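Residue numbers for the sequence shown follow the working numbering, so the first one is -4 and each next one is one higher.
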Amino acid sequence: MPTPESQRPNITDKKISIAPSVMCADLCNLETDIRELEKSGINLLHFDLMDAHFVPNMPIGLALIEQLRQKTDCAFDIHLMVENNDFFVEAVANLCVQQIAVHAESATHLDRTLSVIQAHGIKAGVALNPATPLSAIAYVIDRLDFVLIMTVNPGFAGQKLVPSTLQKISDCRSFLNERGAHLPIEVDGNVSFENIPKMVAAGADILVGGTSSVFHKSGSHAENIQQIHQAISLGLTERGM
Ligand code: DX5
Ligand code: ZN
-4 MPTPESQRPN ITDKKISIAP SVMCADLCNL ETDIRELEKS GINLLHFDLM
46 DAHFVPNMPI GLALIEQLRQ KTDCAFDIHL MVENNDFFVE AVANLCVQQI
96 AVHAESATHL DRTLSVIQAH GIKAGVALNP ATPLSAIAYV IDRLDFVLIM
146 TVNPGFAGQK LVPSTLQKIS DCRSFLNERG AHLPIEVDGN VSFENIPKMV
196 AAGADILVGG TSSVFHKSGS HAENIQQIHQ AISLGLTERG M
């Protein structure tokens, strides 16, 4: 049975959330991994749904999300990396997920897709590839609950940070502030122990943890999450929080 939310420790460090990336977990022993993460205070899980078209990979599918939904009451954060956003939005909206991000690069009718997500009572976000300018969200800011800044090119774990994305996180924070939109910024890709302080200092609020942090081979999940908290503290100090 999932651990009731009220009995789990709060994972946030002054509103910074950690979202382990499920594609980086031990997919043959997923329930064991999820239980360990829950014990470490995690209450948000990131799912990368890929279609092998928008990105050339397909690590997890709808059935896995559906089955895992019965095993945990963590919030589910769905990152769609697909061409047919409307099909996948409808498919995951019925699986009791809490937030969905669609890529600006593949959403033909972005405003409509975001409004469909919100009509399901689900938080809506736009994901931006490293090369996509922030102007892609300028006219949908009123529809947004969060922004997902890709800090690697999407599709694969274990990549190196695209250096310009650190500046982009900071630019995104300014872009949102200038428009009076104080939305959370999620960062995804090489969110490592080394990069976390810089990302948090730049304005990141939700950290997707993959092979370079939560699932780093050097420690247990609990040890890695402890190390992430330390890295968050460094970033928050620099951010003045
Ligand atoms: C890509 C995935 C990965 C995942 C891997 O779309 O979402 O970025 O988080 O994390 P790292 O980069 O730490 O292996
Ligand atoms: Zn992702």
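Even for Gly, the Cβ is constructed at its ideal location relative to N, Cα and C. Values in this document were obtained by computation on a predicted structure and should not be read as measured data.
Asked	Found
Beta-carbon spacing of Leu40, Ala86 below 7 Å	no
Contacts around Ala152, its chain only, beta-carbon distance under 6 Å, and the 5 residues preceding and following it disregarded	Cys19, Gly205, Thr206
Inter-stretch contact at 8 Å, needing at least 3 Cβ pairs: the region 110 to 124 / the region 133 to 145	yes
Coil, strand or helix - Lys10 by DSSP	coil
Stretch-stretch touch, CB-based, cutoff 8 Å, three pairs: the region 209 to 216 with the region 170 to 179	no
Sequence-distant residues of the same chain with beta carbon closer than 6 Å to Gln222, five excluded per side	Phe188
Segment limits, alpha helix (DSSP H) that includes Gly230	216 to 234
Reduced DSSP secondary structure (H/G/I, E/B, other) of Lys212	coil
Opening and closing residue of the beta strand (DSSP E) in which Leu39 lies	39 to 45
Given 8 Å, three or more beta-carbon pairs between the region 62 to 75 and the region 86 to 106	yes
For Leu90 and Arg107, believed in contact at Cβ under 8 Å, the rounded distance	Not a contact, Cβ separation roughly 21 Å.
Under the three-state DSSP convention, the category Gln154 falls into	coil
For Pro125, the nearest candidate out of Val135, Asn148, Ile136 (CA to CA)	Asn148
For Phe49, the three-state DSSP class (helix, strand or coil)	coil
Cβ-heavy atom distance, Asp46 to the ligand DX5, below 6 Å	no
Ala99 Cβ short of 6 Å to the ligand DX5 heavy atom set	no
Heavy atom of the ligand DX5 within 6 Å of Thr206 beta-carbon	yes
Near the ligand ZN: Asp200 beta-carbon under 6 Å from a heavy atom	no
Simplified DSSP state of Met96, which is helix, strand or coil	Just to set this straight, residue 96 is Ala in the shown sequence, not Met. Correct three-state label for Ala96: strand.
Range of the contiguous beta strand (DSSP E) that encloses Ile201	201 to 204
Cβ-Cβ distance between Gly235 and Pro192 below 7 Å	no
Residue from Ile37, His115, Pro15, Asp166 whose Cα sits closest to the Cα of Asp43	Pro15
Contact set for Ala196: own chain, Cβ-Cβ below 6 Å, skip 5 residues either direction	Gly230, Glu233, Arg234
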